[in-house]
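Counting from -14, one number per residue, gives the positions in the sequence shown under my numbering. Here the structure comes first, spelled out in structure tokens, and everything after it is commentary.
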Amino acid sequence: MPKIYLLDVTNRDGVQTAKLGLSKLEKTLVNIYLNDMGVFQSEFGFPTTKHESNYLQANLELAEMGVLKPIRLEGWIRAIVADVETAFKTVPKIKHLNLSISTSDQMIQGKFQGRKTREDIIDNMAEAVDAAWAHGAESIGVNAEDASRTDLDYLIKFGLAAREHGANRLRYCDTLGYDNPFTIYETARALAENVGLPIELHCHGDLGMAVATSLSGAKGAIDGGQDAYINTTVNGIGERAGNADLVATVLAVTKSKGFADKYQLGNHIDLSKAWKIARFASYAFDVPIPINQPGVGANAFAHESGIHADGVLKDPENYELYGYEELGRGEPEMVDTGREISAGEYSGISGFSHVMGKMSVTFSGKEEANQVLELVRYANVESHKPLVEDELLFIARYPEIARKLLTLNPLG
Ligand SMILES: [Zn+2]
């Protein structure tokens, strides 16, 4: 039986969202948390974007060191040969890529304005896939942008060409969140049956259905005989109304009525990390988690009205579908209510040593402490807010990697 895998795109769709962004250290932490959770793949950034190159290379190094393992790190580029060449020049060790091109007539006409035909799109994609293999790619996904507004016969033709050129997966992008669970089921199933490749479901929330369409699309792919790769983002942060929320997707796959009897995750997802990753992303993006967010919202396990409170006290299952402990909630949190020392871009050694000492981190000597402090200052220049404990610990543990992450060469 084919399975469902999670491919998180927070570090690509999430960070390209208007008004939002993450520092390179925050992006790295997201990759680490995704790995801890058991997410199969992280679309970790843009290999053709200059300011990403040190971050991407540093994360590939973390993978080599076993820190980011077993998660697969994959970069997003356009499906054109020029992007493939730039990607391998900028990030020579990149191994996994998704190549994206618009397939709907709306976009072919609306974006390329007559410069490209449907045939050109397939040719561009095929040449880009060939080039990526030639440069040493180990896995390639091909993305059909605006697939939900693409003529199905053409989409199948596009997918078959991708398969002929050795692509490993076809990403069905519901770029505008246009699908509903009924339409995406039919399309994903038809693609799985006729193209014969695993199908990625990339769904958006413009009509409030990103998780529902992801689930239904995954069912279609599996019923059509292929693995499904659901694209998620942490807290659903993504273009416009966002993407399928990571935690809500896991909950929907594993806990919705009867679904998991037949449609299962391909590898274990540790939901107990949900609270931590959601909170970190909220802090890093500076976007509060909605009070009614599934699983991780402040009200997800709150009860007040008489009948509900009485019912849940007698037996939580009366009014809760799953337990808060499963999501890593319920631990008391320490909050300073008095004097507070934080580490920032203008910190000195004394305050910094105090902060690190509270986490039981000690340094071999003054030189090491100063070195780590300097990196913490730089990290703050990028993030403009106090670093969380895991960021400080990361810098203390991997100072050389941190140095690479924090190095930007705009004139280089
Ligand atoms: Zn998207």
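For glycine and all other residues, C-beta sits at the position ideal for the given N, C-alpha and C. Quick caveat, the model's predicted, so the values are computed rather than measured.
Less than 7 Å between the CB of E185 and some heavy atom of ligand 1, yes or no? no
Length of the line joining the Cα atoms of H369 and R362: 10 Å
Three Cβ pairs or more, each shorter than 8 Å: is that satisfied between the segment 229 to 242 and the segment 0 to 15? no
Taking the Cβ atom as the reference point for each residue, do R134 and Q91 lie within a distance shorter than 8 Å? yes
Identify every residue that forms a DSSP beta bridge with E353. Paired residues: none, contrary to the question.
Between G190 and the rest of its own chain, which residues show a CB-CB distance below 6 Å, the 5 nearest in sequence each way excluded? G162, A226 and G227
With distances taken between CB atoms, is the gap from W437 to L298 smaller than 8 Å? Limits of the chain in this structure are -14 at one end and 397 at the other, which puts residue 437 out of reach.
Neighbourhood of I106 by C-beta, 8 Å cutoff - its chain only, sequence neighbours within 5 removed: I86, S87, T88, I93 and F143
Return yes when the C-beta of G227 is under 7 Å from any heavy atom of ligand 1, and no when it is not. no
Please name the residue, chosen from A233, F379, T322 and G333, that lies closest to E359 on a Cα-to-Cα basis. G333
Just list the beta strand (DSSP E) runs in the segment 145 to 178, keeping only unbroken ones of 3 residues or longer that don't cross its boundaries, in chain order. 154 to 159
Spatial neighbours of A43 within its chain, please: C-beta separation below 6 Å, excluding the five flanking residues on both sides. I386, K389 and L390
What would DSSP say about Y268, mapped onto helix, strand or coil? helix
Taking all protein chains shown into account, decide if P395 is buried (16 or more other Cβ within 10 angstroms of its Cβ) or exposed. exposed
Given V196 as reference, the closest of E318, A117 and V235 once Cα atoms are compared: V235
Residue range of the unbroken alpha helix (DSSP H) whose run includes R382: E374 to R382
Nearest neighbour of G95, chosen from T71, I65, D131 and W61 [CA to CA]: D131
Use the C-beta contact count for T172: other C-beta atoms within 10 angstroms, 16 or more gives buried, fewer gives exposed. buried
Spatial neighbours of I141 within its chain, please: C-beta separation below 8 Å, excluding the five flanking residues on both sides. A175, L176, N179 and V180
Got a sec: does ligand 1 put a non-hydrogen atom nearer than 7 Å to the Cβ of T160? yes
Contact belief for I380 with V357 at Cβ below 8 Å, rounded distance in angstroms: 6 Å
Assign N252 to one of three DSSP states: helix, strand, or coil. coil
Starting from L360, follow its DSSP beta bridges and name the residues at the other end. DSSP output for L360 lists no bridge partner at all.
Taking 7 Å as the cut-off, is the beta-carbon of E59 closer than that to any non-hydrogen atom of ligand 1? no
Output yes or no for whether 8 Å exceeds the beta carbon distance between I254 and A213. no
I believe G202 touches P(-13) by the beta-carbon criterion, under 8 Å. Please report the beta-carbon distance rounded to the nearest angstrom. Not confirmed; about 13 Å, so no contact.
Taking the alpha helix (DSSP H) that V91 falls in, what are its first and last residues? The identity of residue 91 in the sequence shown is Gln, whereas the question assumes Val. Here the alpha helix (DSSP H) through Q91 covers D90 to F97.
Would you decide whether Y331 is buried or exposed? Buried here means 16 or more other CB atoms lie within 10 Å of its CB. exposed
Ordered along the chain, which non-local residues of its own chain (more than five positions away) have a Cβ less than 6 Å from that of A(-5)? The sequence given here places Thr at residue -5; Ala does not occur at that position. So the list reads V15, T218 and V219, once near-sequence residues are dropped.
Under a CB-based cut-off of 8 Å, is R264 close to chain C? Considering every chain present, this structure includes no chain C. It has just one protein chain.
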